[in-house]
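Residue numbers (our numbering): 1 to 126.
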């Protein structure tokens, strides 16, 4: 059957159109800690403890929303974290935590373990 061409499958065409968008999400992780992006999630618990403190962390190396997800996912594994808000453009995270169970330094260490250099900037309650 040489010389006979079949039309391309619609699924193949859809896959080809979706591929460039998929590659753009990989680009951010090609040269840094973003290569270890994890699944989505937030770090907010249903009820906050009566006594919480807030700290600001400096986080180096974040370039996209997936970086933010990686940081939040790592932080939420910590017992005592109440919430985390990540500002990718500003390279900062604001964390609310239970000081009886967690310190800002422990949160920074957990985030640093994902490859993003993290330091505590401010802990007003300390």
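Each residue gets a CB set at the ideal place from its N, CA and C atoms; glycine is no exception. Note that this is a predicted model, so its numbers are computed, not measured.
Short of 6 Å in beta carbon distance, which residues of its chain neighbour residue 68, apart from the five on each side in sequence? Order them along the chain.
86, 88
Backbone secondary structure at residue 112 - three-state DSSP
helix
Can you tell me which residues form a DSSP beta bridge with residue 53?
97
By DSSP, does residue 119 sit in helix, in strand, or in coil?
strand
In this structure, does DSSP put residue 18 in helix, strand or coil?
Note that residue 18 has pLDDT 46, beneath the 50 cutoff, so the model's placement of it is unreliable and no number is given.
For the beta strand (DSSP E) containing residue 88, name the first residue and the last one.
Where residue 88 is concerned, there is no enclosing beta strand (DSSP E), given that its DSSP letter is neither H nor E.
With 16 other CB atoms within 10 Å as the buried threshold, where does residue 101 fall?
Around the beta-carbon of residue 101, fewer than 16 other beta-carbon atoms lie within 10 Å, marking it exposed.
Quick one: using the 10 Å Cβ neighbour count with 16 as the cut-off for buried, is residue 50 buried or exposed?
By the 10 Å Cβ count, residue 50 comes out exposed.
Taking just the CA atoms, how far does residue 99 sit from residue 83?
13 Å
Integer Cβ distance of residue 81 from residue 95, believed to fall under 8 Å:
7 Å
Residue 63 versus residue 103: straight-line alpha-carbon distance, rounded:
26 Å
Would you check if the distance between the CB atom of residue 74 and the CB atom of residue 120 is smaller than 8 Å?
No; because the gap between Cβ atoms is not below 8 Å, this pair is not in contact.
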